[in-house]
Each structure stands twice: as C-alpha cells, then as structure tokens.
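Asker:
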Amino acid sequence: MQSANLGVLRANGRPGPHQGQAPAQHGQQSAQCRQGVQGSAQAQWTTLDWWPPLGWWPDAARDLLPPVPESAMASATFVLPARPDSVHCSRSFATGTLSGWCLPELRENMELVVSELCTNAIRHGLRLTPGGAREPEAIRLSLVRRGGLVVCAIGDPGSAAPVLRDPASLEPGGLGLHIVESLSLRWGWAPLAPYGKVVWAVLSG
Numbered sequence: 001m002q003s004a005n006l007g008v009l010r011a012n013g014r015p016g017p018h019q020g021q022a023p024a025q026h027g028q029q030s031a032q033c034r035q036g037v038q039g040s041a042q043a044q045w046t047t048l049d050w051w052p053p054l055g056w057w058p059d060a061a062r063d064l065l066p067p068v069p070e071s072a073m074a075s076a077t078f079v080l081p082a083r084p085d086s087v088h089c090s091r092s093f094a095t096g097t098l099s100g101w102c103l104p105e106l107r108e109n110m111e112l113v114v115s116e117l118c119t120n121a122i123r124h125g126l127r128l129t130p131g132g133a134r135e136p137e138a139i140r141l142s143l144v145r146r147g148g149l150v151v152c153a154i155g156d157p158g159s160a161a162p163v164l165r166d167p168a169s170l171e172p173g174g175l176g177l178h179i180v181e182s183l184s185l186r187w188g189w190a191p192l193a194p195y196g197k198v199v200w201a202v203l204s205g
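In UniProt numbering, the protein residues as written are 1 to 205.
#1: Figure out for me which residue from MET110, VAL180 and SER86 has the closest Cα to the Cα of ALA94.
#2: Looking at the secondary structure, which residues open and close the beta strand (DSSP E) in which ARG123 lies?
#3: With DSSP collapsed to three states, give me the class of CYS102.
#4: Go ahead and label GLY155 buried or exposed: buried means 16 or more other beta carbons lie within 10 angstroms of its beta carbon, across all protein chains shown.
#5: Taking a contact to mean a Cβ-Cβ separation below 8 Å, would you say LEU141 touches PHE78 in this structure?
#6: Name the two residues that bound the continuous alpha helix (DSSP H) containing LEU80.
#7: Candidates ALA193, TRP187 and GLU108: which alpha carbon is nearest ALA61's?
#8: Tell me which residues share the same chain as ALA4 and place their Cβ nearer than 6 Å to its Cβ, disregarding the 5 neighbours each side in the sequence.
#9: Report the three-state DSSP secondary structure of PRO191 (helix, strand or coil).
#10: What is the DSSP secondary structure of ALA60, counted as helix, strand or coil?
#11: So, helix, strand or coil for GLY155, using DSSP?
#12: Would you decide whether PRO104 is buried or exposed? Buried here means 16 or more other CB atoms lie within 10 Å of its CB.
#13: Residue range of the alpha helix (DSSP H) that LEU177 falls in?
#14: DSSP three-state label for VAL198, please.
#15: Under the rule that 16 or more other beta-carbon atoms within 10 Å means buried, what is VAL180, buried or exposed?
#16: Quick check on LEU80: buried or exposed, where buried means 16 or more other Cβ atoms within 10 Å of its Cβ?
#17: Output yes or no for whether 8 Å exceeds the beta carbon distance between GLY196 and GLY158.
#18: Figure out for me which residue from CYS89, VAL113, GLY125 and GLY96 has the closest Cα to the Cα of LEU185.
#19: Taking 7 Å as the limit between beta carbons, can you name the residues of its chain near SER204, skipping five residues before and five after?
#20: Given a cut-off of 8 Å on the beta-carbon distance, is the pair ARG123 and GLU137 in contact?
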C-alpha cells in the first residue's frame with residue numbers, strides 16, 4: 001500500500017465534544033507506526049487501498065442497523081504497518097476514536113476485539129514472497145459508528161478465511177476469534193478484489 005496513505009485516512013461524521021482529544025501518547029504512537037512501511041508502495045491501487053467506501057456497513061449485519069440521525073453516524077480509518085507493535089497503536093487509535101464519539105462504554109471490549117483482529121491480521125493476513133518471506137505490507141483498521149453500534153473492521157492483503165477453531169485443539173493464546181465472538185453482536189468477513197479481505201465485528205454498548 002502506498003506510504004502516503006499512512007495515518008488517519010478518513011474521519012467522517014459530526015465529532016463529539018472530545019473529538020481529537022485522544023490521549024497524548026496516541027499521536028506519538030501513530031508517528032511510530034507510520035515509520036516501517038515507508039518505501040513499501042505498490043505499483044497499483046487495489047480495492048483494499050480505498051476501503052471502506054463511504055456509508056459502508058457489513059451486509060451480514062444490516063438487520064442490526066438502528067434508524068439513527070446523520071449526527072450519530074461517523075467513521076474513521078487508520079493504516080498500520082504489519083508488525084507486532086502496531087497492535088498497541090491500534091488500541092490507542094480505537095480508544096481515542098471512541099472517546100471522540102462519546103462512547104466510553106465500548107472502550108474495554110473494543111480494545112480486546114481490536115487487539116485480537118489486528119494480531120490475526122499480522123500473523124495470518126500477509127502475502128508471502130516466492131521465497132516464503134512476508135511482504136512488507138500494511139493493514140487497515142476502520143471504525144464505523146451507527147448510533148450506539150460500532151463496527152471494528154480490519155483489512156489485510158491475505159486471502160485465507162478466518163476460522164473459528166475448536167478451543168480444545170488450540171494452543172495457549174489461540175482463542176482470538178472466540179474472544180471476538182463472545183464480545184460482539186455479530187462478526188464475519190468478506191473478500192476484496194483483486195486480493196485481500198476484511199474481517200469485521202459489530203459491538204454495542
């Protein structure tokens with residue numbers, strides 16, 4: 001993905017009274033996260049570069065959508081390098097965004113969901129070079145608000161479907177999607193063209 005896209009890509013909707021007042025360390029962490037994918041630009045734009053489109057909501061969760069005024073609709077997107085320290089950056093971005101939207105009751109669960117989905121994207125959502133090394137690509141975190149519901153969506157360049165495995169067969173630390181399922185109203189994923197996917201979860205306060 002093009003390095004010019006790093007940082008907050010898009011923030012739509014009417015801000016709350018605390019919009020832009022995320023913890024001070026958020027800005028420092030964001031700057032650190034922007035380093036490390038410089039020079040990793042792709043030759044062509046893809047669907048993932050422009051995702052999510054304005055007004056997006058997962059098709060499989062449209063029955064959950066409440067009728068809300070435009071003032072209760074917003075979205076924000078952040079691009080991070082696919083490396084372990086980006087998980088901490090993603091949590092900071094998510095909690096700062098929820099504070100701006102005056103939804104503090106979602107922060108604790110959202111931190112956990114964002115952590116698990118970002119970790120999965122970094123571990124399993126990258127393409128491999130012919131030699132088997134991981135491509136120096138980025139992942140993208142989007143939060144989409146509709147009233148008291150917020151979708152956390154992670155876009156990554158991988159094509160493998162996320163699988164909810166039997167907990168009995170998992171190693172310690174392998175319960176990520178089970179945590180996402182337990183904390184969300186619904187979760188799912190969708191492929192993107194020509195490659196990549198989006199894994200999403202709907203949370204409610």
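Even glycine gets a Cβ: it sits at the ideal position worked out from N, Cα and C.
This one's a predicted model, so the numbers in the text were calculated from it and none came from an experiment.
Answerer: A quick look at the data gives this:
#1: Numbered from its first residue, the sequence shown carries residue 94 at position 94. With distances taken between Cα atoms, ALA94 lies closest to MET110.
#2: Taking the first residue of the sequence shown as 1, we reach residue 123 at position 123. Run containing ARG123: none in the beta strand (DSSP E); it sits in the alpha helix (DSSP H), 107–124.
#3: The residue you call residue 102 lines up with position 102 of the sequence shown. Here CYS102 sits in coil by DSSP.
#4: Here residue 155 refers to the residue found at position 155 of the sequence shown. GLY155 is buried by the Cβ-count criterion.
#5: The residue labelled residue 141 in the question sits at position 141 within the sequence shown. The residue labelled residue 78 in the question sits at position 78 within the sequence shown. The answer is yes: Cβ separation under 8 Å.
#6: Taking the sequence shown and counting its residues from 1, one reaches residue 80 at position 80. Segment 73–81 is the beta strand (DSSP E) holding LEU80; no alpha helix (DSSP H) there.
#7: The count along the sequence shown starts at 1 and reaches residue 61 at position 61. It is TRP187 whose Cα lies nearest to the Cα of ALA61.
#8: To locate residue 4, count along the sequence shown from 1; it is residue 4. Note on ALA4: pLDDT 36, under 50, position unreliable in the model; no value is reported.
#9: Walking along the sequence shown from the start, residue 191 turns up at place 191. Strand at PRO191.
#10: Position 60 of the sequence shown, counted from the start, is the residue given in the question as residue 60. Correct three-state label for ALA60: helix.
#11: Along the sequence shown, read from residue 1 onward, the residue named residue 155 stands at position 155. Three-state DSSP puts GLY155 in a strand.
#12: Taking the sequence shown and counting its residues from 1, one reaches residue 104 at position 104. So PRO104 counts as exposed.
#13: Walking along the sequence shown from the start, residue 177 turns up at place 177. Counting along the chain, the alpha helix (DSSP H) containing LEU177 begins and ends at 176–183.
#14: The residue you call residue 198 lines up with position 198 of the sequence shown. Looking at VAL198 - three-state DSSP - the assignment turns out to be strand.
#15: For the purposes of this step, residue 180 is taken as residue 180 along the sequence shown, with counting starting at 1. Result: buried.
#16: Here residue 80 corresponds to residue number 80 of the sequence shown, with the count starting at 1. The residue in question, LEU80, is buried, as its Cβ has 16 or more Cβ neighbours within 10 Å.
#17: One-based indexing of the sequence shown puts residue 196 at position 196. One-based indexing of the sequence shown puts residue 158 at position 158. Contact flag set, yes.
#18: Numbered from its first residue, the sequence shown carries residue 185 at position 185. If we check each option's Cα against that of LEU185, VAL113 comes out closest.
#19: Mapped onto the sequence shown, residue 204 falls at position 204. Around SER204: GLY148, LEU149 and LEU185.
#20: Stepping through the sequence shown from its first residue, residue 123 is reached at position 123. Stepping through the sequence shown from its first residue, residue 137 is reached at position 137. No. Outside cutoff.
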